[in-house]
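Peer 1:
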Amino acid sequence: MRDETMVTHRWDPDQYLKFAAERAKPFFDLLAMVEPVPGGDVIDLGCGTGELTTKLHAHTRAGATIGIDAAESMLARALPLAGNGLRFELGDISRFDSRACFDVVFANASLQWVPDHPRLLRQLAAGLRPGGQLAVQVPANADHPSHAVAFELAQQAPFLEHMGDDPVAGAHVVCAPQRYAELLDGMGFSDQLVRLQVYGHRLASSAAVVEWTKGTTLLRAKNLLPPDLFDLFVDRYERRLSEVLGEQAPYFYTFKRILFWARIPGSLSSAQ
Ligand SMILES: C[S@@+](CC[C@H](N)C(=O)[O-])C[C@H]1O[C@@H](n2cnc3c(N)ncnc32)[C@H](O)[C@@H]1O
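So in our numbering, the last one in the sequence shown is 883, and the numbering has no gaps at all.
(1) Would you mind working out which of 716, 629, 846, 709 sits nearest residue 667, comparing C-alpha positions?
(2) Could you give the DSSP three-state label for residue 615: helix, strand or coil?
(3) Looking at residue 737 and residue 706, is the spacing between their C-beta atoms short of 7 Å?
(4) State buried or exposed for residue 868, treating a residue as buried only when at least 16 other CB atoms are found within 10 Å of its CB.
(5) When you compare the CB positions of residue 784 and residue 751, do they come within less than 7 Å of one another, or not?
(6) What are the start and end residues of the beta strand (DSSP E) that includes residue 744?
(7) Does DSSP put residue 802 in a helix, a strand or coil?
(8) Taking the straight line between their C-alpha atoms, what separation do you get for residue 720 and residue 748?
(9) Tell me whether residue 682 sits in a helix, a strand or coil according to DSSP, three-state version.
(10) Return the chain-ordered ranges of every alpha helix (DSSP H) run that is complete within the stretch 681-734 and spans a minimum of 4 residues.
(11) Hey, is residue 872 close to ligand 1, as in C-beta under 6 Å from one of its heavy atoms?
(12) Does the Cβ of residue 680 have 16 or more other Cβ atoms within 10 Å, making it buried, or fewer, making it exposed?
(13) So, at 7 Å on beta carbons, what are the nonlocal neighbours of residue 877 in its own chain, with the 5 sequence-adjacent residues on each side left out?
(14) Count the C-beta pairs between the stretch 619-635 and the stretch 824-836 that are closer than 8 Å, then say yes if the count reaches three, no if not.
(15) Return the first residue and the last residue of the alpha helix (DSSP H) that residue 635 is part of.
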């Protein structure tokens, strides 16, 4: 599935999984919104290291579940988990062009890396069979200092010239919850649930927030900056964040996320 135009994603699974338990909580909340589709077809977009895809496969009782991810480093952890109808492939969410072949399209904490959500959701909806379900969780924490400081730095020299045109920067990609509700309704979904949820994480200290964002948000900078500038970026980020948050131990890190689920009208897949 790799070709030379595919964007390289430099994810570090060990860094990402440092907060595996905290990151799994919204996944399970999203999973609880999905109705099983015994024998059906499911896709997990941006499946990462795949452990959670195994939970999705078991919960839906799908005949076939495919996890796709653009980062070879994450996928390498997922591949050994394949079997019993579950498989993994390298793939870019923005190129999703399946037509009516899935009963569930699922994306946990991945669509924030893909621009133009109104267009993207239309693409994903087109992949659903009648009665199919779309389930998505995206972070909505752009106004927290953990994210705001990173966006602020990206707008400053010497980072701006590398990061200024980043199509997934800032709060521009993730829509407001009510906008997702409107989009889903406009695309003909018959049932929907859209909610904003605040997850509170008790971290050892405010400095631990840097360890958290190194696994995700700061990857934007890592993907776009030369290595020496990335080191400088992290250094300034740490200093600025400590000015804004102060030295707190323990630190209660609030993280807002949008979860939404919707169903296309029609009878369930004939596979069930
Ligand atoms: C925050 S992780 C979430 C992983 C997994 N869904 C989970 O809940 O643990 C985001 C994942 O999305 C993947 N990703 C980001 N942009 C992508 C794209 N355009 N196409 C495919 N995967 C993408 C990353 O490689 C990463 O593994």
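Note that beta-carbon positions come from the ideal geometry of N, C-alpha and C, so glycine has one too.
Peer 2: Based on what the coordinates show:
(1) As a working note, residue 667 is residue 56 in the sequence shown. It is 716 whose Cα lies nearest to the Cα of residue 667.
(2) Position 4 of the sequence shown, counting from 1, holds the residue named residue 615. Because the pLDDT of residue 615 is 48, which lies under 50, any placement of that residue in the model is unreliable, and the question is left without a value.
(3) On the sequence shown, residue 706 is found 95 positions in, with the first residue counted as 1. On the sequence shown, residue 737 is found 126 positions in, with the first residue counted as 1. No, the pair does not count as a contact, with Cβ atoms beyond the cut-off.
(4) Numbered from its first residue, the sequence shown carries residue 868 at position 257. Buried, by the Cβ-count rule.
(5) As a position in the sequence shown, residue 784 is number 173, starting the count at 1. As a position in the sequence shown, residue 751 is number 140, starting the count at 1. It is not a contact, given that the beta carbons lie outside the stated cut-off.
(6) Counting from one through the sequence shown, the residue named residue 744 turns up at place 133. That run of the beta strand (DSSP E) goes 739-750.
(7) Here residue 802 is taken as the residue at index 191 of the sequence shown, counted from 1. In this structure, residue 802 counts as strand in the three-state DSSP scheme.
(8) Counting from one through the sequence shown, the residue named residue 720 turns up at place 109. Counting from one through the sequence shown, the residue named residue 748 turns up at place 137. Roughly 6 Å separates the two Cα atoms.
(9) Start at 1 with the first residue of the sequence shown, and residue 682 comes out as number 71. Here residue 682 sits in coil by DSSP.
(10) 683-689
(11) In the sequence shown, counting from the first residue as 1, residue 872 sits at position 261. Checking every heavy atom of ligand 1 against the Cβ of residue 872, none is found closer than 6 Å.
(12) For this step, residue 680 is matched to residue 69 along the sequence shown. Buried, since its Cβ has 16 or more Cβ neighbours within 10 Å.
(13) Locating residue 877 in the sequence shown gives position 266, where the first residue counts as 1. Excluding positions up to five away in sequence, the list reads 741, 742.
(14) Taking 8 Å as the limit for Cβ pairs, the verdict is that the stretch 824-836 does touch the stretch 619-635.
(15) The residue labelled residue 635 in the question sits at position 24 within the sequence shown. Residue 635 -> alpha helix (DSSP H) spans 631-642.
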